[in-house]
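What follows is a set of notes on a single structure, which appears directly below.
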Amino acid sequence: MFNMAESTHPIINLQNVSVTFQSNGKPLNAVDKVDLQINRGDIYGIIGYSGAGKSTLVRTINLLQQPTAGTVTVSNQNLQALSESKLRAARKKIGMIFQHFNLLNSRTVLNNVEYPLLSQPIHKPQRQAKAKKLLELVGLQDFEYAYPDQLSGGQKQRVAIARALANDPDILISDEATSALDPKTTNDILKLLKDLNETLGLTIVLITHEMQVIKSVCRHVAVMDQGKIIERGDVAEVFSNPQQPLTQNFVDSSANVTEALAQIKADPGLQNLAKNERLLFLKFRGQATKQSLISDLTELYHLKANILFANIEKIGTASIGYLIIVLTGETRQLANGINLLNRNGVRVQLIASGKKEGVENDQATVS
Ligand SMILES: Nc1ncnc2c1ncn2[C@@H]1O[C@H](COP(=O)(O)OP(=O)(O)O)[C@@H](O)[C@H]1O
Ligand SMILES: [Mg+2]
Numbered sequence: 020m021f022n023m024a025e026s027t028h029p030i031i032n033l034q035n036v037s038v039t040f041q042s043n044g045k046p047l048n049a050v051d052k053v054d055l056q057i058n059r060g061d062i063y064g065i066i067g068y069s070g071a072g073k074s075t076l077v078r079t080i081n082l083l084q085q086p087t088a089g090t091v092t093v094s095n096q097n098l099q100a101l102s103e104s105k106l107r108a109a110r111k112k113i114g115m116i117f118q119h120f121n122l123l124n125s126r127t128v129l130n131n132v133e134y135p136l137l138s139q140p141i142h143k144p145q146r147q148a149k150a151k152k153l154l155e156l157v158g159l160q161d162f163e164y165a166y167p168d169q170l171s172g173g174q175k176q177r178v179a180i181a182r183a184l185a186n187d188p189d190i191l192i193s194d195e196a197t198s199a200l201d202p203k204t205t206n207d208i209l210k211l212l213k214d215l216n217e218t219l220g221l222t223i224v225l226i227t228h229e230m231q232v233i234k235s236v237c238r239h240v241a242v243m244d245q246g247k248i249i250e251r252g253d254v255a256e257v258f259s260n261p262q263q264p265l266t267q268n269f270v271d272s273s274a275n276v277t278e279a280l281a282q283i284k285a286d287p288g289l290q291n292l293a294k295n296e297r298l299l300f301l302k303f304r305g306q307a308t309k310q311s312l313i314s315d316l317t318e319l320y321h322l323k324a325n326i327l328f329a330n331i332e333k334i335g336t337a338s339i340g341y342l343i344i345v346l347t348g349e350t351r352q353l354a355n356g357i358n359l360l361n362r363n364g365v366r367v368q369l370i371a372s373g374k375k376e377g378v379e380n381d382q383a384t385v386s
């Protein structure tokens, strides 16, 4: 993941930036005192659920959104202090792509890519040559004279990327650019972005609500909630050891465990467990994934484990394991087994236990 192009010099420096909207007469802090430094050559992800303030935050980077407070510095220039013409020039060095491509449907692919160059003092042949070169860079050299309607979603996004690069930007902001694409096309586009980062030294700010996207291309990540950055750092470090429940949610849903838990909880068969059965959700990291804990349960305590769901999420060099099991056995041995798991660093959550007379309370041993 090491990239020669990345330096430790911030190309984007947001200091104490806030954006307050008036919403039904009440102030809404869409962005709330955010400090954000992004180094030149980095691929920096910003993840958060819808409404977290991600789009508003990145729109302050080119002042499409004026902050209510705080300072925006890009390439060592305080953008708020620039004259209108200098700001226009600075904005040209910040390209943007979106979920809905925003292409001009009445113009050819080539014309779409040429479009940002129309206001530039260059002649048509050079303009077209530049646009053609960019289309080649994104793999669309055979589609110059096609119209956007004739293209797939992935191809449309490639046109949008070529257009965003027309002015040789230093920074590319991608706001949910892959959210409307299927998983295979998403990977192709992310790979293209990574290539552009490496070959052009392009700094990429990538907004998404999907952890998979962050994991596959970003080096750093900030987790955003209610206008604030609640956690940030190296992608592998943040996601292998999440400090905030929201970050943990992203990790769980990336491992498909959130969906599996919901399905299992909704299964009526599992609502009627026998007295000697426990429905458990086990989460473990690192070392514990390598140990044969399940067979230990059988050997030591004669417990039977029926595995309903299993997955291991790899994050950098770390791995996080998930198991949903029905554990069956003697009451005392069930408690012993759960204790063994706890002692080995497995987080055990009791989802359901057999409801018959005199339900014993295992809560003391589970977290
Ligand atoms: N122009 C606006 N006027 C009023 N409220 C806005 C405006 N733009 C965004 N918001 C509100 O600000 C919050 C953050 O929005 P947004 O930045 O779009 O979040 P995200 O991109 O993370 O989904 C939301 O509550 C949204 O409704
Ligand atoms: Mg948004």
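Residues 20 to 386 (my numbering) make up the sequence shown, in order.
The beta-carbon is built from N, C-alpha and C at its ideal position, and this holds for glycine as well.
TODO: Output yes or no for whether 7 Å exceeds the beta carbon distance between L322 and I370.
DONE: To locate residue 322, count along the sequence shown from 1; it is residue 303. To locate residue 370, count along the sequence shown from 1; it is residue 351. No; because the gap between Cβ atoms is not below 7 Å, this pair is not in contact.
Task: Near ligand 2: S74 beta-carbon under 6 Å from a heavy atom - done: By one-based count along the sequence shown, residue 74 stands at place 55. Checking the Cβ of S74 against ligand 2 gives yes.
Task: Local Cβ density within 10 Å of N325, reported as buried at 16 or more and exposed below that - done: Here residue 325 is taken as the residue at index 306 of the sequence shown, counted from 1. Counting Cβ neighbours within 10 Å, N325 comes out exposed, since fewer than 16 surround it.
Task: Assigned secondary structure, D201 (DSSP; H/G/I helix, E/B strand, else coil) - done: Residue numbering aside, residue 201 sits at position 182 when the sequence shown is read from its first letter. Three-state DSSP puts D201 in coil, outside helix and strand.
TODO: Using the Cα positions of N380 and G246, report the straight-line distance between them to the nearest angstrom.
DONE: Reading the sequence shown from its first residue, position 361 is the one you call residue 380. Reading the sequence shown from its first residue, position 227 is the one you call residue 246. Any answer about N380 is weak, because its pLDDT of 46 lies below 50 and its placement is not dependable; what the coordinates show is given next. Each residue's alpha carbon lies about 41 Å from the other.
Task: Cβ pair A199, Q282 closer than 7 Å - done: For the purposes of this step, residue 199 is taken as residue 180 along the sequence shown, with counting starting at 1. For the purposes of this step, residue 282 is taken as residue 263 along the sequence shown, with counting starting at 1. Taking 7 Å as the Cβ cut-off, A199 and Q282 do not qualify as a contacting pair.
Open item on the list: In this structure, how does DSSP classify N380 when only helix, strand and coil are distinguished?
Closed with: The sequence position of residue 380 within the sequence shown is 361, counting from 1. Low confidence applies here, because N380 scores a pLDDT of 46, under 50, leaving its location unreliable and the question unanswered by this model.
Task: Segment contact, 8 Å Cβ cut-off, at least three pairs: the segment 169-189 with the segment 118-129 - done: yes
- [ ] Give the DSSP bridge partners of A371, in chain order.
- [x] Numbered from 1 along the sequence shown, position 352 holds the residue referred to as residue 371. Per DSSP, L298.
TODO: Could you tell me if L137 is buried or exposed, where buried requires 16 or more neighbouring beta carbons within 10 angstroms of its beta carbon?
DONE: As a working note, residue 137 is residue 118 in the sequence shown. The residue in question, L137, is exposed, as its Cβ has fewer than 16 Cβ neighbours within 10 Å.
Open item on the list: I'd like to know if the segment 31-46 and the segment 207-219 are in contact, where contact means that at least 3 CB-CB pairs between them fall below 8 Å.
Closed with: no
Task: Neighbourhood of I233 by C-beta distance below 7 Å, restricted to the same chain and skipping five residues each side - done: The residue you call residue 233 lines up with position 214 of the sequence shown. Excluding residues within five positions, the ones whose Cβ falls inside 7 Å are G64, I66, T227, V240 and V254.
Open item on the list: Taking 8 Å as the cut-off, does the segment 52-63 touch the segment 102-110 (at least 3 CB pairs, one atom from each stretch)?
Closed with: no
TODO: Please list the segments of the beta strand (DSSP E) lying wholly inside the segment 43-117, counting only runs of 3 or more residues, in order along the chain.
DONE: 45-58, 62-66, 88-93 and 113-117
Open item on the list: Are there any heavy atoms of ligand 1 lying less than 6 Å away from the beta-carbon of F269, as far as the coordinates show?
Closed with: Numbered from its first residue, the sequence shown carries residue 269 at position 250. Checking the Cβ of F269 against ligand 1 gives no.
Open item on the list: Comparing C-alpha positions only, which one of K294, Q169 and L316 sits nearest to L409?
Closed with: This structure cannot speak to residue 409, because the chain is shown only from 20 to 386.
Open item on the list: Checking 7 Å against the spacing of the C-beta atoms, do S273 and Q231 come in under that value?
Closed with: As a working note, residue 273 is residue 254 in the sequence shown. As a working note, residue 231 is residue 212 in the sequence shown. Taking 7 Å as the Cβ cut-off, S273 and Q231 qualify as a contacting pair.
Open item on the list: Beta-carbon within less than 7 Å of N330's beta-carbon, same chain only, minus the 5 sequence neighbours each way: which residues are those?
Closed with: Walking along the sequence shown from the start, residue 330 turns up at place 311. Contacts found: A274, N275, V276 and Y341.
Open item on the list: Just to confirm before moving on: does the CB-CB distance between N471 and P167 stay below 7 Å?
Closed with: The structure shown does not extend to residue 471, since the chain spans only 20 to 386, so no value can be given for it.
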